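*Asks:*
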Amino acid sequence: MLGFFFSDANLPFSIVLTVILLLGIIEALALVTGLSLMGLLKDLDMADVDADVAGGGLTGLLGWLCLNRLPLLIWLVLAMTCFVIAGFSLNFLFSGVLGYFLPGWMSVPLALLLAAFGCRYLGSPLAQLLPKNETSAVSIDDLSGCIATITLGRAVKGNPSEALVRDRYKQKHYVLVEPDEVESEFTQGTQVVLLRREGRVWAASKFN
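My numbering numbers the first residue of the sequence shown as 1083 and each following residue consecutively.
Here it is in structure tokens:
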């Protein structure tokens, strides 16, 4: 088994696995001393980057990877874990079926691709398990009149999109937004004013 993990074909994945284990050890030691990596990076999330990038494919990619839903360190650990599992699984499968490992120039890109899908489909459930940024001191209806920034997709009447809004305590909330007028549309990076909530969706107008 050790020969499998430390084979030349699995070297990139073994290195990343070592990094994950080191991060875990550092985090455990830091917690003992009262200084946590999670605490140091808790404010580093990609929602702020999304708010600064107006439109374009980068914002959509960051959102697709759930990079704007998780703290940076947690997302990095998730991405590296998916990469390691994908890489080892690919080589284990090919060695068992064909009798040889994939060359690195094939296994690493494939593992990166599978890791991206892992972040996509595991990031959202993981974000639901983490403590939310919203504060219970603020009712969702109190967000009326606040300015939100479209973070994902394109919002039209009847087809809402995700937006990031901060309440008066600067806490972040993710809400669904659609234009108040039929002929309007909101693209990524557009700032809008929340007008009223209809179920889970906020009607909004473009902020000028």
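By construction, the Cβ of each residue, glycine as well, lies at the ideal position given by its N, Cα and C atoms. Computed from a predicted model, the values in this text were never measured in an experiment.
By the 10 Å Cβ neighbour count, where 16 or more other Cβ atoms means buried, how is I1232 classified, buried or exposed?
*Replies:* buried
*Asks:* Give, in chain order, every unbroken run of the beta strand (DSSP E) that is at least 3 residues long and sits entirely within the region 1190–1257.
*Replies:* 1229–1232 and 1243–1248
*Asks:* DSSP three-state call for F1289: helix, strand or coil?
*Replies:* coil
*Asks:* For R1250, which of M1188, V1098 and D1224 has the nearest alpha-carbon?
*Replies:* Distances from the CA of R1250 to each of M1188, V1098 and D1224 were compared; the closest alpha carbon is that of D1224.
*Asks:* From R1282 to V1257, what does the alpha carbon distance come to, in whole angstroms?
*Replies:* Distance between R1282 and V1257, taken at the CA atoms: about 8 Å.
*Asks:* What residue does the alpha helix (DSSP H) around L1172 start on, and which one ends it?
*Replies:* Unbroken alpha helix (DSSP H) run through L1172: L1154 to V1179.
*Asks:* For L1155 and Y1203, what's the separation of their Cα atoms in angstroms?
*Replies:* 18 Å
*Asks:* Do the CB positions of A1161 and C1201 come within less than 7 Å of each other?
*Replies:* yes
*Asks:* If you follow the beta strand (DSSP E) that L1276 is in, where does it begin and where does it stop?
*Replies:* For L1276, the enclosing beta strand (DSSP E) begins and ends at Q1273 to E1280.
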